[in-house]
Amino acid sequence: MKQTAMKYFGIVAIAMMLAPAESRAQQPLVVDTPFVHDPVMAYENGKYYLYCTGHGITQMTSTDRKHWTIVPQGVLKNSEIPAWTHDSVPGFETHIWAPDVIRFKNKWYLAYSCSTFGKNTSAIGLLSNTSLSDKDGWKDEGCLVASKGDRDNWNAIDPNFIVDEKGNPWLTWGSFWDGIQMIKLDKKSMHVKKGAKPQTIARRHVVGDTSAEPNPTSKFAGTNAIEAPFIMKHGDYYYLFVSWDYCCRGIKSNYRVAVGRSKKVAGPYLDKEGRDMRNGGGTLILEGDKKEYEAMGHCSAYSFPDGDFFFCHGYSVPKNGASILVQKKINWTEDGWLTLE
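If you use mature numbering (1 follows the signal peptide of the UniProt record, and there is no 0), the sequence shown corresponds to residues -25 to -1, 1 to 316, in order.
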């Protein structure tokens, strides 16, 4: 997520600008290892759609998840970014973070994050579309949730949708402050259900813990280094993936992914040892090996026609800390937990 991703997206942008102007639209850029931050995916009519942090929300397509065609224009042109986002988040311009996408009741919804690095005056916006193939069909649906510094002890970024077993949509989000939040949405509008209040479902540390390392990235955000929630339903359980520690520092990043599970969408989410994720629990399932990747995090997970798969961005050691797409197969164990290969 966030600012250092701009450098790596800049590499792609330069490559595209070097092509003759008359050929750019006719020669899409196809890559095998795309630079991404905070990747999420969707599948429609035999094609995969990848959305991630970038100016106007970066988008790519693929038919095999091996070769990715980068769409030159973001989901939103600069002129299409809703005015309310700038009013709500001073300093926010065009670099949109950490989207999520879901199909619900015959419509696609895409949530996105508007913020500035290290502060929690932020907002999560909502777009809708009837088909992902209609790249110009996204409609502004306004603000889902917003946070304000000195008012809220949570940060309205990193959204993720999940639909429970009764068909009710929920939104989870959060970065630092009091950790990962969750709220119920209205089935008809996909906005916050009337009367619903955010609840914390995961923290990096127990409240009051003073042993955490100082935050090397922000003097505002504190040391509750947890963000990027993603919930996947499998069998009888909901699995909550979170990213621990610090992203966006290239080769200095120490991002990693932990998971817990619950039979209820709102939790409590427990790790393999039975520890509550609200009190710092979480089972570590992915971290950098210091050879191929220094660190990995901000994940998504899906059941696709060829199996269950996990995606995230990894800070590549051979590429000097550039953030690239990581894909791993999910294997489910007999006791209902998972491994990645």
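Don't be surprised by glycine CBs; every beta carbon is placed ideally from N, CA and C.
Could you give the uninterrupted runs of the beta strand (DSSP E) lying entirely in the stretch 41 to 95, keeping only those of 3 residues or more? Here the runs fully enclosed are 43 to 45, 70 to 79 and 82 to 89.
Return helix, strand or coil for M16, following the three-state DSSP convention. If you number the sequence shown from 1, residue 16 lands on position 41. DSSP places M16 in the strand class (E or B) of the three-state scheme.
Where DSSP assigns a beta bridge to S278, which residues make up the other side? To locate residue 278, count along the sequence shown from 1; it is residue 303. S278 is bridged to D283.
Would A196 count as contacting chain B if we go by Cβ distances under 7 Å? No chain B is part of this structure, which consists of one protein chain only.
Residue of I132, V138 and H180 minimising C-alpha distance to V64: The residue you call residue 64 lines up with position 89 of the sequence shown. When only C-alpha atoms are compared, the closest one is I132.
Return yes when the Cβ of W148 is within less than 7 Å of the Cβ of Q156, no when it is not. Taking the sequence shown and counting its residues from 1, the one referred to as residue 156 is at position 181. Taking the sequence shown and counting its residues from 1, the one referred to as residue 148 is at position 173. Cβ atoms of Q156 and W148: closer than 7 Å.
Check whether T96 and K123 have beta carbons under 7 Å apart: On the sequence shown, position 121 is the one that residue 96 refers to. On the sequence shown, position 148 is the one that residue 123 refers to. For the pair T96 and K123, the CB atoms are nearer than the 7 Å cut-off.
If you follow the beta strand (DSSP E) that S103 is in, where does it begin and where does it stop? As a working mapping, residue 103 is identified with position 128 in the sequence shown. Counting along the chain, the beta strand (DSSP E) containing S103 begins and ends at S97 to N104.
Keeping to the same chain, check which residues put their C-beta closer than 8 Å to that of K162; ignore five residues upstream and five downstream. Working through the sequence shown from its first residue, we reach residue 162 at position 187. Within the same chain, K162 has close Cβ partners K80, G142, N143 and P144.
Mark F279 as exposed unless 16 or more other C-beta atoms lie within 10 angstroms of its C-beta, in which case mark it buried. Working through the sequence shown from its first residue, we reach residue 279 at position 304. By the neighbour-count definition (other C-beta atoms within 10 Å, threshold 16), F279 is an exposed residue.
Using CA atoms only, rank isn't needed, just tell me which of H209, L259 and L119 is closest to K172. Numbered from its first residue, the sequence shown carries residue 172 at position 197. Among H209, L259 and L119, the Cα nearest to that of K172 belongs to L119.
Look at the alpha carbon of Y26 and the alpha carbon of P9, and state the distance between them as a whole number of angstroms. On the sequence shown, position 51 is the one that residue 26 refers to. On the sequence shown, position 34 is the one that residue 9 refers to. If I take the Cα positions, the gap works out to 12 Å.
Can S228 and Y290 be called in contact, C-beta distance under 7 Å? For the purposes of this step, residue 228 is taken as residue 253 along the sequence shown, with counting starting at 1. For the purposes of this step, residue 290 is taken as residue 315 along the sequence shown, with counting starting at 1. Yes, these two residues count as a Cβ contact at 7 Å.
Cα-Cα, which of D220, W152, H61 and E19 is closest to G183? By one-based count along the sequence shown, residue 183 stands at place 208. For the residues D220, W152, H61 and E19, the minimum Cα distance to G183 belongs to W152.
Report yes or no: do the stretch 55 to 73 and the stretch 256 to 270 share at least 3 C-beta pairs separated by less than 8 Å? The stretch 55 to 73 is not in contact with the stretch 256 to 270.
Nonlocal neighbours in the same chain, by C-beta distance under 8 Å from C274, ignoring five residues either side: Within the sequence shown, residue 274 is the residue found at index 299, counting from 1. Taken in chain order, the residues that qualify are A203, F205, F216, S218, V232, L261, F285, F286 and C287.
Compute the distance between the beta-carbons of F195 and G66, then report whether it is under 7 Å. The count along the sequence shown starts at 1 and reaches residue 195 at position 220. The count along the sequence shown starts at 1 and reaches residue 66 at position 91. Their beta carbons are not under 7 Å apart, which means F195 does not touch G66 by this criterion.
Expressed to the nearest angstrom, what Euclidean distance is found between the alpha-carbon atoms of Y244 and K294? By 1-based counting over the sequence shown, the position of residue 244 is 269. By 1-based counting over the sequence shown, the position of residue 294 is 319. Annotation: Y244 to K294 spans about 36 Å, alpha carbon to alpha carbon.
What span of residues does the beta strand (DSSP E) with P144 cover, start to end? Here residue 144 refers to the residue found at position 169 of the sequence shown. It spans P144 to W148 - the beta strand (DSSP E) in which P144 sits, taken as one unbroken run.
Hey, P134 and I99: beta-carbon distance below 7 Å or not? On the sequence shown, residue 134 is found 159 positions in, with the first residue counted as 1. On the sequence shown, residue 99 is found 124 positions in, with the first residue counted as 1. Their beta carbons are under 7 Å apart, which means P134 touches I99 by this criterion.
Proximity to D246 [Cα-Cα], best of G257, V11, K238 and K239: Residue mapping note: residue 246 aligns to position 271 of the sequence shown, counting from 1. Of G257, V11, K238 and K239, the smallest CA-CA separation from D246 is found for G257.
For Q302, count neighbouring Cβ atoms within 10 angstroms of its own Cβ and tell me buried if that reaches 16, exposed if not. What you label residue 302 is simply residue 327 of the sequence shown in a count that begins at 1. Looking at its Cβ environment, which holds fewer than 16 other Cβ atoms inside 10 Å, Q302 is exposed.
Comparing C-alpha positions only, which one of K239, H209 and N254 sits nearest to D310? Indexing the sequence shown from 1 puts residue 310 at position 335. For the residues K239, H209 and N254, the minimum Cα distance to D310 belongs to H209.
Reference P14, options Y277, G282 and L313, closest by Cα: On the sequence shown, position 39 is the one that residue 14 refers to. Looking at the Cα atoms, Y277 is the closest of the given residues.
Sub-7 Å separation of I45 and L4 beta-carbons: Within the sequence shown, the letter at position 70 stands for residue 45. Within the sequence shown, the letter at position 29 stands for residue 4. Result yes, Cβ atoms of I45 and L4 sit closer than 7 Å.
Taking only the alpha-carbon atoms, compute the straight-line gap between I56 and T69 and give it to the nearest angstrom. Translated into positions along the sequence shown, residue 56 becomes position 81. Translated into positions along the sequence shown, residue 69 becomes position 94. Cα to Cα, the separation comes out at about 7 Å.
According to the neighbour-count rule (16 or more other Cβ atoms, all chains shown, within 10 Å of its Cβ), is P189 buried or exposed? Here residue 189 refers to the residue found at position 214 when the sequence shown is read from its first residue. With fewer than 16 other Cβ atoms within 10 Å, it is exposed.
Alpha carbon of E248 to alpha carbon of N53, nearest angstrom: In the sequence shown, the residue the question calls residue 248 occupies position 273. In the sequence shown, the residue the question calls residue 53 occupies position 78. Using only the alpha carbons, I get a separation of about 47 Å.
Using the Cβ count rule (16 or more neighbours within 10 Å means buried), how would you classify A86? Residue 86 sits at position 111 when you count from the first residue of the sequence shown. A86 should be labelled buried.
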